[in-house]
Structures are given as C-alpha cells and as structure tokens.
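Read top to bottom, the protein sequences are chains A and B. Numbering-wise (the working numbering), the first sequence opens with residue 11 and increments by one. Numbering-wise (the working numbering), the second sequence opens with residue 11 and increments by one. C-beta: ideal position from N, C-alpha, C; glycine also. Here the structure is a predicted model, which is why all the values come from computation and not from measurement.
Protein chains: 2
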Amino acid sequence: MGRMADTPDPRVTRSREAILAAARDLLREEGPSAVTHQRVAVRAEVGRATVYRHWPRPEQLLTDAMAGVRMPFFLDPATPVRPWLERQLRLLADQLAMPDVLAVTTALVQGALWEPEAAARRDQFAATIGRRLRAALTLAEQAGELRPAGDPHDAPALLIGPLLFRALLQPGEVSDDLIDRILDAAGTWTD
Amino acid sequence: MGRMADTPDPRVTRSREAILAAARDLLREEGPSAVTHQRVAVRAEVGRATVYRHWPRPEQLLTDAMAGVRMPFFLDPATPVRPWLERQLRLLADQLAMPDVLAVTTALVQGALWEPEAAARRDQFAATIGRRLRAALTLAEQAGELRPAGDPHDAPALLIGPLLFRALLQPGEVSDDLIDRILDAAGTWTD
DNA sequence: CATCTTATGAGACAAGTTGACTCATAAGCC
DNA sequence: GGCTTATGAGTCAACTTGTCTCATAAGATG
C-alpha cells in the first residue's frame, strides 16, 4: 500500500504552499476578484488542474489564503494596562495600514454581506477581539487603573472603530494624541 | 436635422434609468461583482448592447450606480448642537445598517484599495463628511456648548469610527448610551 | 399624417474563462 | 528497482466578454 497517512506527500505540501502564497499575493495586490484558479496557477507556477484538485471551490481558496494572514491583536495583556493598550492600539493602527491586512479586512467585511460563511468568520473574528479587549479592561479594573464606563460590549467599537475609520476611509498617520483620546473613551483612568 | 440637444431622447433616459436601477439592485443584493453588463441587461430588461452603449466600461456603471445612493450626513447643524449630533449619529447608524448604504460603503472602501479613481471618491467623501462634522463642532464651540479636545482632524474618526465598526464588523443595535459615549469623545460639553 | 433620425434589441462573432476530464511523466516511498 | 500517486499538459463543452451589424420602431419634425 501507499504512504503512511501521517507523513504528507512533500509534493502536495509544496504545491499547496506555492498556491496559497500566490493567492495571498494576488489578494494583496489586486483584490479578491483576482484570486481565480487560472491566475493563481500561473502565479504559483503550478498546473491549473492542481489548483482545482486542492481547492475545487474558489471561495475556499480565498478563505484559506486570508487565514494565512495573521492578526494577533490584544494578546497577553500586561499591567500597567494603559501603556500596554497604547502599544496595542499603535500596533493595530500600523497593521491596518499594511496592504495584506487591509485586503483581508475589506475582503472579509465585503464577503460577509453576501456569503453566510464569511459572515460567520467575521462574527467570530469580532467576538475574539472583543473578548480579548474586555479581558484587558477587566484586568485594568481589577488593578484599580480604570473605572469602565458603560456597556463593555461597546468597548470594541469605541476603541477599534476610530482606527478602522482611519484605515478604511481616511488613510494617514495616527497620532499619539488620537490614541490617547481613544483610550479616554474606555472609562476613567485613575492614574 | 434631428432633435434639439437640450431635450433628451425619452428612450435614452428610460434605458439609462432602468439600467441604473438594475445595477443598484444587483449591487445591493449580490455585491459589486454582480454588476456586469450581462446581468444588468437581463435585470433591466434591456438589450445587452444598450448597456454597452451607455457605459462602455463596467467600472463607470458601478460608479454611477453607487452615486445614486444618497448619503446626506451631518447637513444643516442646529443649536443646541449636542442633541442635533445625537440625532445625526442615530441617523448614520440606521443608514449604515441598510443594505444599499452598506453595499456602497464596502464597495467604495474595497475599490479604493486598488483603483485610484475609487480612492479619489473615497477621499472626497471622507473630506466632505469631515468638513461638515468640524463645522458642527465649531458651531458648538461658538455657542459655548463644547470645549473641543485635541486635533479637529481626528473628530471624524472618533465620532464615525465606532459606528463604522458596528456596521462592518459587529452588526447589531446601537444603544443611546453608545452614542452618548461617542459624543463625549468630542470634547468637554459644558452643559 | 408623412418622413426623417436614431436608439434599441436581436443576433453573430472571436477571444477568453471556467470547470471537468484524460493521460504520460516523474517525484517520492518501500 | 518497482510501486504508488501527485503533477502538468492538454482537450473539451459551456459560458462570458467586448465588438459589430442590421432590421425595427419610437420619437421628433414638417
């Protein structure tokens, strides 16, 4: 019989990675509509049939390509929380200015409007970010740093929303002052 | 000779309006990629050649269809400014939840990443909104209602950003409390 | 009403894309 | 060295795109 199931064929992994890399490049450079079997195959220097073999449906390919762009936001909160949050928001602003993150974000938001699976991934993404953010704010509260204002459910919109606006509608430098004002919206910092 | 130049052929206007309406419907229901000559022609019950005649380039058709969705935000500020702004933000939140406004917004944001003309329209839209918003805040300041905080250039991001987040990433009810907290980020309201 | 102008719809057409298939080859495993 | 199988090249039908032609009829002009 053939190979063991747990040692993947190196030809397969080679093809898959080349295809995913090509799909990511095309998404970043020309948007979701450029991620077709044809163009990915040419870009990855791989037979068109090979792309069809691994990803029969184009959406799957796009989804997997998007999943390859990591977005590690608001992980591992540390005290004092406010400077940590400042760094995180700065990181988020910088990341949101990068072409690949921007491409994934808009593709996700766009797709979510018409494809239920994309909407599910968007919701999960928002939920994850929201969870982490609330964890950080809870930590700040427990450390006596912050007296939170209003519904914690609104925290992601208040803290991330302005940076989203700057990334999507008004590209440009995000000043330290803006980040300060964003943080002030989280509640009263007793410091 | 033929007709006067200033009285447009009713056949032309009829075709154009049917085509634009069909393009808007398709954009709202299935996204920008559905706005093709073929599909628009079928939907508008018009010959395919007619669509090509009026809009040789597909982007132009999409652009004109998007322009048909009005987005009259932050017009005609009134004192007292804070309640007026509350109403405006509520209106904006409601509008951003509507499928056609959402479709136009994401299409604009998406397109701006790869098409310079779309980027130009996005910048102009952001500039218009920003101008109106700053005018309202200036009015509030002159009326002694508000002591603005920080750079006025950041006001759109702080006030609109959270609602954009709620529209694009975290759909759901926007509470009055959230709108209050957003407005508090504009500065100190002396009232 | 008669006549001219011209926008329209139907259709033809080449070029390109999509998705599914076959098959010889060679890469990788034993 | 021999076996398995992923790959690339290619074929094929169905469809889409962009361009064109032409008969028709809607609308303007007298």
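Identity of the residue in V22/A, R58/A and T73/A nearest A41/A by Cα: What sits at residue 41/A in the sequence shown is Gly, not Ala. For G41/A, the nearest C-alpha among the options comes from T73/A.
Check this for me: beta carbons of A177/A and A196/A, under 8 angstroms apart or not? no
Note down the Cα distance separating L188/B from G160/A, rounded to an integer number of angstroms. 8 angstroms
Which parts of the stretch 103-160 of chain B are runs of the alpha helix (DSSP H), unbroken and 4 residues or longer, counting only runs that do not cross its ends? 109-122 and 126-152
Cβ shell of L149/A (< 8 angstroms), same chain only, five flanking positions each side left out: P87, T89 and V91
Whole-angstrom distance between E155/A and H163/A, CA atom to CA atom: 19 angstroms
Sorted by chain position, which residues of the same chain lie with C-beta nearer than 7 angstroms to A145/A's C-beta, five sequence neighbours on each side aside? P87
Supposed close pair A113/B, L123/A - CB separation, criterion 8 angstroms: 7 angstroms
Taking the CB atoms as reference points, tell me whether A33/A and L71/A lie closer together than 8 angstroms. yes
Using a Cβ-Cβ cutoff of less than 8 angstroms, which residues in the same chain neighbour D110/B once the five nearest sequence positions on both sides are dropped? R34, L37, R38 and V79
Looking only at C-alpha atoms, which of R100/B, R49/B, M76/B and P66/B sits nearest to E183/B? R100/B
What would DSSP say about T17/A, mapped onto helix, strand or coil? coil
Does the beta-carbon of M108/B have 16 or more other beta-carbons within 10 angstroms, so that it is buried, or is it exposed? exposed
Taking C-beta to C-beta, are I192/A and F175/B nearer than 8 angstroms? no
Contact belief for L106/A with T116/A at Cβ below 8 angstroms, rounded distance in angstroms: At roughly 11 angstroms, the Cβ-Cβ gap does not stay under 8 angstroms, so L106/A and T116/A are not in contact.
Beta strand (DSSP E) segment containing T198/A, residue limits: G197 to W199
Nearest-angstrom Cα separation, counted from Q48/B out to A59/B: 9 angstroms
Determine the DSSP secondary structure at S43/A, reduced to helix, strand or coil. helix
Inside the stretch 43-105 of chain B only - alpha helix (DSSP H) runs reaching at least 4 residues: 47-54, 58-64 and 68-77
Cutting at 8 angstroms between CB atoms, please list the residues of its own chain near A28/B, excluding the five before and the five after it. A54, E55 and V56
Please list, in chain order, all residues of the same chain as G140/B whose beta carbon is under 6 angstroms from its beta carbon, the five residues on each side excluded. P166
Chain B contact for L99/A (CB, 8 angstroms cutoff): no
When Cβ atoms are compared, which residues of the stretch 86-113 of chain A fall closer than 9 angstroms to chain B? P109, L112 and A113
Note down the Cα distance separating Y62/A from L85/B, rounded to an integer number of angstroms. 52 angstroms
Under 8 angstroms Cβ to Cβ from V119/B, same chain only, skipping five residues before and after it: list those, please. R132
Just to make sure I have the definition right: I need the residues of chain B whose C-beta is within less than 8 angstroms of the C-beta of L188/A. Which are they? G160, D161, D164, A167 and L168
Buried or exposed for Q180/A, please, with buried defined as at least 16 other CB atoms from any protein chain shown within 10 angstroms of its CB. buried
Same chain only: Cβ atoms within 6 angstroms of W65/A, ignoring 5 sequence neighbours per side: L71
Go ahead and pull the three-state DSSP assignment for L179/A. coil
With 8 angstroms as the threshold, decide whether the Cβ of R13/A is near any Cβ in chain B. At R13/A the pLDDT is 44, less than 50, meaning the model places this residue with poor confidence; the figure from the coordinates comes in the next sentence. Output row for R13/A: interface = no.
Thinking C-alpha only, which one of M81/A, M76/A and P172/A is nearest T138/A? M81/A
Compute the Euclidean distance between the alpha carbons of L168/A and D194/A, then round it to the nearest angstrom. 10 angstroms
Using the beta-carbon count (16 or more within 10 Å), is Q152/A buried or exposed? exposed
Any beta carbon from chain B within less than 8 angstroms of T116/A's own beta carbon? yes
For D104/A and A103/B, the rounded distance between their alpha carbons: 27 angstroms
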